[in-house]
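Numbering (the numbering used here), first residue to last: 646 to 982.
Note that beta-carbon positions come from the ideal geometry of N, C-alpha and C, so glycine has one too.
In this text, all values refer to a predicted model and were calculated from it rather than measured experimentally.
Okay, so here's the structure we're looking at.
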């Protein structure tokens, strides 16, 4: 779909809708496990290359999803929406793989997407155009919001540098640039309440930094999390308190096979809870697994129509019982109650 094209009116209405479910009752673990078992599979296909990132829009009335692929395309899809090509609206804001994307929690009409081509862009849904947020000659890898209004971001590149970016500043440059570990930086995660802290997956260690004390070179971590014997794919603060950090590593801990030639598997927190997460599976009988922090398996997500697909990109709805898994074929598998 060309930038500047007119989008379906229904999409514009959904896009402007924020989260309408506040103060949901906390389910105990047995109730949560039962809720997972009630979720059923539906499928929609996005005609792209391998999907490398995904995100749920926060609206609760419908399931609106975004995906990014390895060619730099961004797709918008609604279950049963029947939009565009193969049920999706496709845009081409990047020229390289889309490694990270997120809807602005404070401004649900905005979708940010980051690419390995060195660009970070924000979609203006009303005009169907993508504005430059940040550009770099070095390939970008990851970003996260550092403020509740989502204007300030921390952006990581492949050389192990992080940039502090303020979207209100004219142009597409950073406020400051800081060198961390020279090893490849794979993931950044900002603490949910103490926004000056962010965790970084670097080689076999998770480092936690305080942005108030970063230096141009040789920035020191305020804390380090050890315990992995192989490369760490991702590290995320728990969504409610930030008292936990969920890491994914190639050492196959929690009896989970991480060896896949596709997009590296990354476990993600259920944003509605502090103690449960979901990760894709390479087992032919299971597409994704939900675990408690203790390592106890809560549920296996299975689509009996296609048991061979590996869901390497995963997103979980912030308020509804809904889970999105994206396969290498470009197919989206949605599980919801």
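Item checked: CB-CB length for residue 713 against residue 740, believed under 8 Å -> Between residue 740 and residue 713 the Cβ distance is about 12 Å, and since that is not below 8 Å, they are no contact.
Margin query: In the DSSP output, what is residue 912 paired with across the bridge?
Written below: Checking the DSSP bridge columns, you'll see residue 912 has no partner listed.
Item checked: Integer Cβ distance of residue 833 from residue 788, believed to fall under 8 Å -> A Cβ-Cβ separation of about 7 Å places residue 833 in contact with residue 788 under the 8 Å criterion.
Next item on the list: Assign residue 764 to one of two classes, buried (16 or more other C-beta atoms within 10 Å of its C-beta) or exposed (fewer than that).
Entry: By the neighbour-count rule (16 or more Cβ atoms within 10 Å), residue 764 is buried.
Check: Which parts of the segment 788-837 are runs of the beta strand (DSSP E), unbroken and 3 residues or longer, counting only runs that do not cross its ends?
Finding: Those beta strand (DSSP E) runs which fall completely within the segment 788-837 and span 3+ residues are 797-802, 806-811, 821-824, 830-835.
Next item on the list: If I'm right that residue 938 touches residue 915 with Cβ under 8 Å, what's the distance once you round it to whole angstroms?
Entry: The Cβ separation is near 11 Å, so there is no contact.
Next item on the list: Quick one: give me the first and last residue of the alpha helix (DSSP H) that residue 658 is part of.
Entry: 654-660 is the extent of the alpha helix (DSSP H) around residue 658.
Notebook entry, point to check: Taking the beta strand (DSSP E) that residue 723 falls in, what are its first and last residues?
Noted result: Looking at the DSSP string, the run of the beta strand (DSSP E) that includes residue 723 is 719-723.
Notebook entry, point to check: Are residue 912 and residue 882 close, meaning C-beta to C-beta below 7 Å?
Noted result: Not a contact, by the Cβ cut-off of 7 Å.
Checklist line | Cα-Cα separation between residue 825 and residue 801, rounded to whole angstroms | finding: The straight-line gap from Cα to Cα measures roughly 10 Å.
Note to self: Give me the DSSP bridge partner(s) of residue 686.
What the structure shows: Answer by DSSP bridge pairing, in chain order: 980.
Next item on the list: Can you have a look at residue 702 and say buried or exposed, based on whether 16 or more other CB atoms are within 10 angstroms of its CB?
Entry: So residue 702 ends up on the buried side.
Note to self: Can you tell me whether residue 871 is buried or exposed? The criterion is at least 16 other CB atoms within 10 Å of its CB, across all chains shown.
What the structure shows: The residue in question, residue 871, is exposed, as its Cβ has fewer than 16 Cβ neighbours within 10 Å.
Item checked: Backbone CA spacing between residue 770 and residue 709 [nearest angstrom] -> Cα to Cα, the separation comes out at about 13 Å.
Notebook entry, point to check: With DSSP run on the structure shown, which of helix, strand or coil describes residue 857?
Noted result: Looking at residue 857 - three-state DSSP - the assignment turns out to be helix.
Checklist line | residue 746 beta carbon less than 7 Å from that of residue 700 | finding: Contact flag set, yes.
Next item on the list: Could you spell out the range, first to last residue, of the beta strand (DSSP E) harbouring residue 696?
Entry: Element bounds for residue 696: 696-701.
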